[in-house]
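Asks:
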Amino acid sequence: MSDNGNNILMRVEDLRLYFRTRNGVVQAVDGVDLDLGYNEAIVVLGESGCGKTSLAKAVLRLLPRNVDTYSGHVYLNGTDVMALDDRDFRRDVRWVKMSMVPQAAMNALNPVLRVGDQVAEPMTAHYLADKEEALAQARRMFQHVGVPVDFLHRYAFELSGGMRQRVALAMALVTMPNLVFLDEPTSALDVLTQANIFNVLKQIKNELEVSFILITHDIATSSELADRVAVMYAGHIVEVSHASLFFAEPLHPYSRMLMDSVPRLKVEQEPTFITGHPPSLLGPPSGCRFADRCPSRFEKCAEEPSVFEVKGHRVKCWLYG
């Protein structure tokens with residue numbers, strides 16, 4: 001949780017998102033609690049399939065048709081936006097106060113529309129500006145993200161991957177939202193372009209005072225932006241702490257093993273690997289969901305762990321009970 005309750009932009013309480021499938025109900029997001037402060041960046045770490053993207057879509061109410069359960073509370077500036085009907089949420093919240101850069105966003109741009117028109121579209125779609133004012137705002141966003149303003153009149157296929165990613169970021173920022181979700185924003189880019197994108201994100205965070213939730217499984221690059229870190233495993237948030245504390249001393253066994261799996265240039269020790277497989281979210285175990293893979297497992301782990309406050313961390317693990 002954030003330290004100062006008065007500085008909370010968003011508070012998520014007991015958020016659940018389950019999907020119906022042919023094989024049963026998938027518990028993708030299962031009772032998540034999370035706070036985000038103003039002008040703060042939280043990195044959500046976890047392996048593929050743990051529910052990171054589903055968490056973002058649950059907050060933004062980007063729901064597929066096969067939803068089985070969708071419940072909880074999302075307070076934005078003190079207002080429970082989960083209580084809004086779909087029309088009010090689309091009009092007043094999504095892409096106005098919260099937006100998203102989806103995974104592989106650079107491939108999602110319309111190839112037959114100029115990128116400037118696409119960036120301006122959220123402004124006109126939400127009746128925040130006329131076409132001329134919206135294009136002027138798109139021009140300003142291009143300047144913020146480092147895209148030459150004459151690219152407004154180009155098509156997506158005329159831009160490099162890094163430039164298309166910046167255009168997608170400009171589209172998410174054009175309405176000046178309080179919060180932007182970034183879903184693996186650099187996963188398809190080379191290392192140098194990744195570094196440039198993270199430099200842009202840090203600059204935007206300072207200039208526009210926007211908050212970010214960065215969804216990734218890349219621990220090394222995530223440290224560039226993170227103020228705090230949340231670790232997700234099998235639909236649960238298992239650890240939250242300030243980034244400096246997390247990267248110095250992660251506490252949850254899964255977090256420690258994640259950190260140990262990252263190669264380090266100055267350390268001769270080989271990276272370790274997490275054996276086994278995550279539990280199926282069709283019928284997750286009733287106790288700790290990491291227990292079957294955990295080297296510190298003991299009898300208490302057969303029960304659902306509580307969340308404990310330890311050394312500035314919030315840890316969902318019986319080792320600290």
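Here the working numbering is used: position 146 in the sequence shown is 146, and no number is missing along the way. Note that the Cβ used here is the ideal one computed from N, Cα and C, for glycine as well. It should be emphasised that the depicted structure is a prediction, and the values quoted were computed from it without experimental measurement.
Ignoring anything shorter than 3 residues, give me the beta strand (DSSP E) runs that lie fully in the region 159-185, in order along the chain.
Replies: Unbroken beta strand (DSSP E) runs of no fewer than 3 residues, entirely contained in the region 159-185, are found at 179-183, following chain order.
Asks: Let me know the beta strand (DSSP E) ranges lying completely inside the region 95-130, each 3 residues or longer, listed in chain order.
Replies: The region 95-130 contains these whole beta strand (DSSP E) runs: 98-101.
Asks: Kindly indicate the opening and closing residues of the beta strand (DSSP E) around V32.
Replies: 24-37
Asks: Within a Cβ cutoff of 8 Å, which residues of the same chain sit near L9, ignoring the five residues on either side of it in sequence?
Replies: Within the same chain, L9 has close Cβ partners L36, G37, Y38, E40, L76, N77, N178, L179, S211.
Asks: Using 8 Å as the threshold, is the region 299-315 in touch with the region 250-267, meaning 3 or more CB pairs across them?
Replies: yes
Asks: According to the neighbour-count rule (16 or more other Cβ atoms, all chains shown, within 10 Å of its Cβ), is L282 buried or exposed?
Replies: exposed
Asks: Could you check if F142 is buried or exposed, using at least 16 other CB atoms within 10 Å of its CB as the buried criterion?
Replies: buried
Asks: Compute the distance between the beta-carbons of E304 and S280, then report whether it is under 8 Å.
Replies: Inclusion of E304 and S280 in the CB contact set at 8 Å is not warranted, their separation being larger than that value.
Asks: Relative to the C-alpha of G24, which residue among D68, V149, T53 is closest?
Replies: D68
Asks: May I have the straight-line CA-CA distance separating F308 from F246, to the nearest angstrom?
Replies: 15 Å
Asks: Can you tell me the Cβ-Cβ gap for V174 and M123, rounded? I've got them flagged as a contact below 8 Å.
Replies: 6 Å
Asks: Around the Cβ of R65, are there at least 16 other Cβ atoms within 10 angstroms (buried) or fewer (exposed)?
Replies: exposed
Asks: Bridge partners for H236 per DSSP, in chain order?
Replies: Y233
Asks: Taking S85 as the reference, give the member of A108, L60, S99 with the closest Cα.
Replies: Residue 85 is actually Asp in this sequence, not Ser. Nearest C-alpha to D85: L60.
Asks: Just to confirm my understanding: we take R154, look at its own chain, exclude 5 residues before and 5 after, and list those with CB closer than 7 Å. What are they?
Replies: R114, V115
Asks: Can you list, in chain order, the residues of its chain whose CB lies under 6 Å from that of M1, leaving out five sequence neighbours each side?
Replies: With a pLDDT of 44 at M1, under the threshold of 50, the modelled position of that residue is not reliable, and the figure given next carries that caveat. Cβ neighbours of M1 within its own chain (closer than 6 Å, five residues either side excluded): D35.
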